[in-house]
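Following: one structure in structure tokens, then a few remarks.
There are 2 protein chains.
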Amino acid sequence: MAARKKPGRVTIRTVAADAGVSVAAVSKVLRDAYGVSAELRSKVNASVAKLGYRPHAAARGMRGQTYTLGVLFPDMRNPFFTDILAGINAALERTQYQALLGISQSMAVIETALAEAMIDRQMDGIIVVGPRLRRDDVADIVGKIPTVFVGHHQPDATAYDTVNNDDQMGAMLVVRHLAETGRRNIAFLSLARADLDDTVVTAQREIGYRRAMAECGLERQINILQAEQSAREVQAAVRHLLSSRNKPDAVFCWTDFIALEVLSAARELMLSVPRDLAVVGYDNTAYCDLAQNALTSVDQSGQVLGLQAARLLVERIKGRDKAEHFLVNPRLVVRASSQHIA
Amino acid sequence: MAARKKPGRVTIRTVAADAGVSVAAVSKVLRDAYGVSAELRSKVNASVAKLGYRPHAAARGMRGQTYTLGVLFPDMRNPFFTDILAGINAALERTQYQALLGISQSMAVIETALAEAMIDRQMDGIIVVGPRLRRDDVADIVGKIPTVFVGHHQPDATAYDTVNNDDQMGAMLVVRHLAETGRRNIAFLSLARADLDDTVVTAQREIGYRRAMAECGLERQINILQAEQSAREVQAAVRHLLSSRNKPDAVFCWTDFIALEVLSAARELMLSVPRDLAVVGYDNTAYCDLAQNALTSVDQSGQVLGLQAARLLVERIKGRDKAEHFLVNPRLVVRASSQHIA
DNA sequence: CTGAAAGCGCTTACAG
DNA sequence: CTGAAAGCGCTTACAG
């Protein structure tokens with residue numbers, strides 16, 4: 009509808025004419041390609057500044073790079089993702105790359121569609137956080153575009169990089185802490201998933217939970233509940249758990265928001281936290297610090313994860329083809345919700 | 009670095025050859041352009057499906073549309089934005105358009121840079137939520153790309169559309185509710201902003217707050233505090249407020265997260281909510297419902313805002329040039345944090 | 001209704 | 001070190 013041909017448009021050709029050099033020379037300066045003299049470079053840069061030239065990303069996309077990286081998050085709700093994004097942006101700050109986001113609303117079909125959309129748009133690479141992709145979709149996507157997964161445990165993968173916190177260890181830190189402070193009936197509230205392969209973070213946390221429970225001699229108390237991420241489902245699961253005959257004296261939740269729901273349900277059921285019930289979350293988001301929550305949680309350094317993911321992706325775009333798998337150690341942050349029982 | 013020329017790439021030319029028609033014909037079918045027979049259309053569609061053809065967005069961007077819409081949010085922290093995004097996605101579901109996000113981290117320079125990046129990438133239009141842009145940047149951007157602002161009050165703007173909830177009315181609902189339930193020292197905790205023009209939502213809420221205070225005969229109790237969005241700043245402001253000599257008996261916060269900080273500070277200062285202090289937020293996010301918060305808040309129907317914004321943007325891209333300004337009515341949701349004092 | 005051809009703004013071998 | 005030319009995959013007048 010809109011007229012495309014803007015008469016005043018400044019293109020690489022305008023710049024070349026102004027600087028008195030060839031179009032190819034301008035292109036090289038713009039991309040910091042090798043083989044241009046300092047003199048030519050400064051002439052071009054002067055013209056670029058003077059004319060306010062901005063490269064046309066679509067045209068670049070047809071030939072070379074778009075300097076655009078896609079970042080896929082399952083949702084916008086989890087404040088932990090803010091930290092990851094901050095890390096990504098920090099890593100990209102002094103580069104030509106620009107990150108653009110897609111939010112899949114935790115649905116595998118949307119996630120796949122978004123990844124395809126990013127491929128169609130010739131993005132140079134993508135970072136997928138907490139992937140919900142099916143296994144063959146993963147294979148398909150990583151074959152088409154450089155990919156880094158955050159929160160996807162596959163340390164033997166060769167076709168893509170991964171960045172993770174050690175989710176097994178995180179869960180073990182929690183269980184040990186709870187056991188040491190006198191809890192025995194420690195339940196784990198996990199995320200419901202159709203396919204339960206071990207790559208997902210919740211599965212890793214389950215494994216860590218089981219291992220630590222065994223280690224503490226509590227294997228008979230192992231109690232895993234799964235719930236969707238919707239408020240209604242979580243509430244039902246929590247109510248069920250807290251009203252059951254062998255009521256737990258501690259609940260470890262796979263993510264903070266679920267733990268906040270547990271705190272809410274406990275209050276409604278007149279249970280005192282931490283006296284009757286210890287509650288622990290994961291991610292150490294900003295909400296943990298609020299006095300009404302005072303939630304013990306596991307910090308997984310979202311910023312570091314994001315930073316590493318961006319760094320690895322740029323390396324991969326620049327040609328590295330040997331996979332790298334980065335692991336960061338989690339750290340337990342104890343607050344009142346799991347305080348020692350006197 | 010990567011070899012561009014993928015030999016097996018399916019282009020519009022491959023499809024044309026397979027269907028036995030011209031490249032131009034395929035292009036027309038793809039864009040639902042006029043002037044193609046049903047027979048040709050079905051031949052082309054069959055080949056598209058058979059070959060798994062996907063249009064190359066960068067190539068499209070060089071000539072026509074990219075079918076990509078940019079959505080700019082100030083941050084990922086506010087769960088209210090999730091609702092707006094859900095509305096946008098719902099509106100776009102059956103269309104060819106794809107929304108891609110940028111997060112400005114509440115910084116005007118990043119917001120400007122992201123808008124420019126989206127323009128460089130030939131996006132067809134952008135939705136800017138809670139803009140922090142300077143006035144001349146707004147003029148510059150709307151001149152280059154169809155734009156809809158959400159949370160930017162400028163009902164006389166002709167160059168772009170706006171979608172808002174009636175922030176003045178929202179604030180008035182809150183003040184009236186608090187006054188009716190016996191509060192008098194009602195403070196307003198607003199966002200610090202360098203330039204205080206009336207277009208921003210917090211300024212509108214301030215106006216509504218002042219109007220309702222006057223209406224209730226409380227103009228001498230008007231008390232506005234401003235704080236940055238950082239946890240530390242908010243805590244300092246809240247402590248200052250709650251420890252001051254003429255301590256308020258109610259605090260109205262410009263957004264829920266700030267109100268949660270107030271609840272936290274009140275608890276640390278041994279103030280009982282709602283007995284000693286009523287607390288009210290804005291946005292009615294999921295956290296309000298948790299029993300430990302039970303936060304009264306103003307619902308502004310984020311989904312509706314997002315839906316309208318996407319609808320208006322697509323209309324504008326398709327050629328409408330008369331500005332539209334959509335306003336939705338806010339609704340007060342009363343919870344325990346502002347309950348009647350006996 | 002259908003198609004041949006020009007051209008969008010870049011990058012990339014390649015020749016000089 | 002520098003530049004002329006081909007070409008990326010589409011869309012758009014335009015002619016038939």
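Just so you know, the protein sequences line up as chains Y and H, in that order. Counting in this note's numbering, the first sequence runs without a single skipped number right up to 350 at its last residue. Counting in this note's numbering, the second sequence runs without a single skipped number right up to 350 at its last residue. Note that beta-carbon positions come from the ideal geometry of N, C-alpha and C, so glycine has one too. Keep in mind that this is a model prediction, so the values were computed, not measured.
Judged by pairs of C-beta atoms under 8 Å, the stretch 81-91 of chain H does not touch the stretch 42-52 of chain H, as fewer than three such pairs exist. A check of alpha carbon separations from glutamate 269 of chain H across H:Lys255, H:Asn254, H:Tyr295 and H:Arg283 identifies H:Tyr295 as the nearest.
In this structure, DSSP gives glutamine 234 of chain H an extended state, which the three-state scheme calls strand. Within the stretch 256-277 of chain Y, those residues whose Cβ lies closer than 9 Å to any Cβ of chain H are, in chain order, Phe265, Leu268, Glu269, Leu271, Ser272, Ala273, Ala274, Arg275 and Glu276. Scanning chain H for C-beta atoms nearer than 8 Å to the C-beta of proline 139 of chain Y yields nothing, as the closest lies near 18 Å away.
Taking 9 Å as the cut-off, the beta carbon of aspartate 91 of chain H is found closer than this to the beta carbon of serine 309 of chain H. Contact check between the stretch 136-143 of chain H and the stretch 104-120 of chain Y: fewer than three CB pairs, one atom from each, fall below 8 Å, which does not count as touching. The Cβ atoms of leucine 313 of chain H and asparagine 173 of chain H lie closer than 9 Å to each other. By DSSP's assignment, histidine 160 of chain H forms a beta bridge with H:Val208. Annotated as distal: glutamine 130 of chain H and alanine 125 of chain Y, with beta-carbon spacing of 9 Å or more.
Closer than 9 Å to the CB of histidine 248 of chain H there is not a single CB belonging to chain Y. Taking 9 Å as the CB threshold, glutamate 124 of chain Y lines the interface with chain H.
Burial state of arginine 21 of chain Y is exposed, judged by a 10 Å Cβ sphere holding fewer than 16 other Cβ atoms.
The beta-carbon of aspartate 83 of chain Y is placed less than 9 Å from the nearest beta-carbon of chain H.
The alpha-carbon of glycine 110 of chain H is positioned some 28 Å away from that of tyrosine 61 of chain H. Every alpha helix (DSSP H) stretch that sits fully inside the stretch 65-129 of chain Y and reaches 4 residues is listed by chain position as 65-71, 88-100 and 116-128.
With contacts defined by Cβ atoms closer than 9 Å, valine 31 of chain Y and alanine 24 of chain Y form a contacting pair.
In terms of beta-carbon proximity, proline 282 of chain Y stays away from the interface with chain H, with every pair separated by 9 Å or more. DSSP, read as helix, strand or coil, puts valine 288 of chain H in strand. The C-beta distance from alanine 179 of chain H to alanine 220 of chain H rounds to 7 Å, short enough to meet the 8 Å contact threshold. With the rule of 3 Cβ pairs closer than 8 Å, the stretch 100-115 of chain H counts as touching the stretch 72-82 of chain H. Look at the stretch 297-339 of chain Y and you find these whole runs of beta strand (DSSP E), each 3 residues long or longer: 305-307 and 333-336. Restricted to the stretch 166-201 of chain Y, the beta strand (DSSP E) segments that are unbroken, complete and at least 3 residues in length are 169-173 and 194-199, listed in chain order. Taking a C-beta cut-off of 8 Å against chain H, the contacting residues of the stretch 87-106 of chain Y are Pro87, Phe89, Thr90, Leu93, Ala94, Asn97 and Gln106, listed in chain order.
Per DSSP, phenylalanine 265 of chain Y has no beta bridge partner at all. With a threshold of 16 other beta carbon atoms within 10 Å, glutamine 104 of chain H falls short and is exposed. Put simply, the stretch 244-256 of chain H does not touch the stretch 208-215 of chain H. Fewer than three CB pairs are less than 8 Å apart.
Straight-line spacing of the CA atoms in alanine 258 of chain H and arginine 324 of chain Y works out to 55 Å. Excluding the 5 residues flanking it on each side, valine 342 of chain Y has same chain C-beta neighbours closer than 8 Å at His185 and Thr304, in chain order. Serine 198 of chain H is a Cβ neighbour of tryptophan 262 of chain H, given a cutoff of 9 Å. Valine 34 of chain H: member of the alpha helix (DSSP H) spanning 31-38, first to last residue. The beta-carbon separation of arginine 201 of chain H and valine 208 of chain H, rounded to 6 Å, stays under the 8 Å limit for a contact.
Residue range 20-27 is occupied by the alpha helix (DSSP H) that includes isoleucine 20 of chain Y.
The DSSP-derived three-state label of isoleucine 153 of chain Y is coil.
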